[in-house]
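Protein sequence lines correspond, in order, to chains E and P. First residue of the first sequence? That's 2 in the working numbering, and the numbers climb one at a time after it. First residue of the second sequence? That's 277 in the working numbering, and the numbers climb one at a time after it. Think of the CB as a built atom: it goes at the ideal place given N, C-alpha and C, for glycine as much as any other residue. Keep in mind it's a predicted model, so treat the numbers as computed, not measured. So the structure is just underneath, and the comments pick up after that.
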Amino acid sequence: MQNIKPQNIASNIALSRLLQLASPMLPVGAYSYSQGLEWAIECGEVIDLASAKTWISDALMIYQGRYELPVLYRQYQAWQLNDIAAVKEWDTYFQAGRDTSEALAETRQMGYSLCRLLNDLGSLPADFMFKINELVNPAFPTVYAGITHLWSISAQDMLQAYAWSWVENQVSAAMKTVPLGQVAGQKILLELGAFLPEIVTDAMQLEYAEISNFTPGLSIAGCRHETQYSRLFRS
Amino acid sequence: MDDDFSVPATNAQIGLGNDLAGVKPVHWLATLTLDFAAKDGRSYLAKRQHNGPLVIQKTLYPEGDALCHGIIIHPPGGVAGGDELILNVNVQTNASALLTTPGAGKWYKANGAAASQHLQFDLAEKSSLEWLPQENILFDDSIVNFSADINLGQEACYAGWEILCFGRQAKGESWLTGKLNQKLVIKRADKTIWQESAYLQANDRFFHSAIGLGGNVVSASFVVAAGAVPTELFAKCQQFESDSASDSKAKFGVSALSEVFSARYIGMSAQSARHYFEGLWQILRPWYASRSAARPRIWNT
């Protein structure tokens with residue numbers, strides 16, 4: 002066996018941590034949300050593989066790429082600087098931009114669940130946990146940025162993993178609801194997975210003025226989902 | 277009174293569309309600052325200051341003393357590239373104001389320079405402001421910055437809508453080139469409770485994507501920041517339908533957050549957006565303003 006350099010071991014541990022966070026097994030309940038996709042299916046906007054891929058890639062590029070990812074990146078930078086006031090400011094900004102009650106409830110529930118998990122792990126540094134527990138009803142990306150920074154995951158890897166988990170969850174929702182088969186789901190993942198590095202790079206380069214949460218079609222889908230008669234996913 | 281202003285508006289529109297092409301545009305900065313105050317149960321315009329072509333027509337009391345109506349007029353009728361409009365409104369404790377506009381706001385072809393509108397609304401505690409302007413029409417090739425900073429004191433209440441038309445539909449015009457940068461921030465007691473930000477170029481995939489405008493040309497949003505909407509009223513809002521007979525592609529919906537009620541409409545008609553929002557306004561106004569909705573007469577002209 003070749004000798005493995007210590008810095009490679011460190012970065013491979015970071016990769017393990019990243020995979021753990023990106024796994025659908027992470028107990029934060031992401032699987033219980035469809036983010037408007039279930040309504041898009043109900044109203045016939047999404048009916049098959051092609052339309053599911055269009056909806057998901059548009060939401061990835063227009064909403065995730067211009068809102069969640071650039072805000073997540075700024076939260077990561079705030080954690081890097083140990084600037085908890087900035088972490089809180091970005092958290093307030095992010096939550097004020099979640100424009101439906103289901104979108105806001107979702108990010109708070111997932112943020113709560115991740116905080117709880119980090120507490121339950123029982124092995125994280127006390128000063129880090131103190132900062133985490135000081136946050137009041139934090140959004141999911143706020144906590145996610147903190148733990149990825151603690152685990153020495155790079156900003157780029159964090160953003161790609163976050164976006165990957167989001168895409169995987171959307172594809173899984175489409176598979177259950179459209180419905181689509183396993184292969185169809187894998188085809189969407191294969192195609193959208195290839196876009197992620199560029200989406201991440203673009204998100205990291207966005208100026209503050211360019212950060213945009215304006216997606217009225219997606220917002221209306223969220224509004225209508227709140228009263229959808231038959232639902233698999235939470236509102 | 278209203279007619280005085282409709283004539284130059286039309287002339288300006290024609291002039292800028294054709295005759296002034298190639299002529300170096302004159303950039304206008306227009307600032308209007310209004311202070312509403314309350315005394316003995318009467319709201320009144322305590323102070324006004326204006327600089328350039330943005331004015332308030334005399335105040336009106338169609339709903340009694342407690343609420344002061346004002347009509348904001350931009351006599352040139354349209355905004356050219358490089359022009360900047362600033363509307364500052366301060367509403368003092370216990371005062372209530374409703375502001376609207378006599379006609380659609382027109383945002384002309386940019387000629388390379390951005391036109392902008394900034395709204396700065398500061399509401400002291402227990403005051404209220406309704407900002408219910410008519411639609412803004414973005415002409416093809418316009419570059420527009422809209423920003424609104426709204427600060428609410430404790431128990432202050434804000435209701436405002438914005439209706440945006442991409443391209444002049446009446447002329448069959450599409451918004452093929454241009455830029456829109458729109459920022460809305462609402463704070464209560466210095467905490468941001470609502471923010472919306474758009475940063476778009478006319479060729480953006482947003483315009484055809486179902487998560488964006490979905491091929492529609494009108495986007496409208498109505499926000500009421502007055503705390504949580506009572507459940508039974510919110511249920512009425514959810515049941516209220518847009519008048520979609522003439523606008524079959526329209527999509528609309530409402531959501532109630534703990535601090536803000538939000539309604540959105542995307543479709544092909546500013547008229548339908550207005551109809552939808554006015555319906556919601558009728559449902560919600562008795563709650564947030566303790567008075568029923570009475571259409572300002574200017575909307576009928």
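- Listed by position along chain P, the residues whose Cβ is nearer than 9 Å to that of C224(E) are Q514, F528, G529, V530, S531, S538, A539, R540.
- Per DSSP, the unbroken alpha helix (DSSP H) holding R225(E) starts and ends at 217–226.
- Taken in chain order, the members of the region 481–502 of chain P whose beta-carbon sits within less than 8 Å of a beta-carbon on chain E are R481, F482, S485, A486, I487, G488, L489, G490, S495, S497.
- For N214(E), the chain P residues whose C-beta falls within less than 7 Å of its own C-beta are E472, S473, listed in chain order.
- Going by DSSP, Y541(P) is part of the beta strand (DSSP E) stretching over 537–543.
- Excluding residues up to 5 positions away in sequence, F234, R235 lie with their Cβ nearer than 8 Å to the Cβ of S33(E) in the same chain.
- Under a criterion of Cβ atoms nearer than 8 Å, the residues of chain P adjacent to D59(E) are, in order, R481, S485, A486, I487, G488.
- Counting every other CB atom within 10 Å of its CB across the protein chains shown gives F131(E) a total below 16, marking it as exposed.
- Bridge pairing for T453(P): absent [DSSP].
- Per DSSP, the beta bridge partners of F498(P) are W437(P), A539(P).
- Taking all protein chains shown into account, L82(E) has fewer than 16 neighbouring C-beta atoms within 10 Å of its C-beta and is therefore exposed.
- The straight-line gap separating the alpha-carbon atoms of A504(P) and L533(P) is approximately 6 Å.
- Closest in alpha carbon position to A322(P), among A496(P), R550(P), D417(P), V365(P), is V365(P).
- For the region 81–107 of chain E, the set of positions with a beta-carbon nearer than 7 Å to some beta-carbon of chain P reads T93, Y94, A97, G98, D100, T101, S102, L105 in chain order.
- Taking the Cα positions, G354(P) is about 47 Å away from R232(E).
- Within chain E, the residues placing a beta-carbon under 7 Å from that of K467(P) are T93, ordered along the chain.
- For G555(P), there is no enclosing beta strand (DSSP E); the residue is found in the alpha helix (DSSP H) stretching over 546–564.
- L330(P) is a Cβ neighbour of L363(P), given a cutoff of 8 Å.
- Taking A502(P) as the centre and dropping the five residues before and after it, the same chain places the C-beta of C433, Y564 closer than 6 Å to its C-beta, in chain order.
- With its beta carbon at least 8 Å from every one in chain E, N427(P) lies outside the interface.
- Taking CB atoms only, I48(E) has no neighbour in chain P less than 8 Å away.
- Around P506(P), the same chain offers W563 as residues with beta carbons nearer than 7 Å, after the five sequence neighbours per side are excluded.
- Bridge partners of I42(E) according to DSSP: none are assigned.
- Of all residues in the region 440–459 of chain P, only N457, Q458, K459 place a beta-carbon less than 9 Å from a beta-carbon of chain E.
- Burial state of I348(P) is buried, judged by a 10 Å Cβ sphere holding 16 or more other Cβ atoms.
- For T377(P), there is no enclosing beta strand (DSSP E), since its DSSP letter is neither H nor E.
- Taking C-beta separations shorter than 6 Å and ignoring five residues to either side along the sequence, the partners of I439(P) in its chain run E411, A496, A546, A549, following chain order.
- According to the DSSP assignment, S404(P) belongs to the beta strand (DSSP E) that extends over 404–407.
- Taking 7 Å as the cut-off between beta carbons, none of the residues of the region 167–193 of chain E comes near chain P.
- Residue contact check for G218(E) against chain P: a CB pair falls below 8 Å.
- The shortest C-alpha to C-alpha distance from A400(P) to any of G429(P), A389(P), S423(P), F528(P) is the one to G429(P).
- Below 8 Å, enough C-beta pairs join the region 56–75 of chain E and the region 194–202 of chain E to call them touching: three or more.
- For W152(E), there is no enclosing beta strand (DSSP E), as DSSP gives it neither H nor E.
- In the assembly as shown, N457(P) is a buried residue. Its beta-carbon has 16 or more other beta-carbons within 10 Å.
- Burial of P378(P) is indicated by the presence of at least 16 other C-beta atoms within 10 angstroms of its C-beta.
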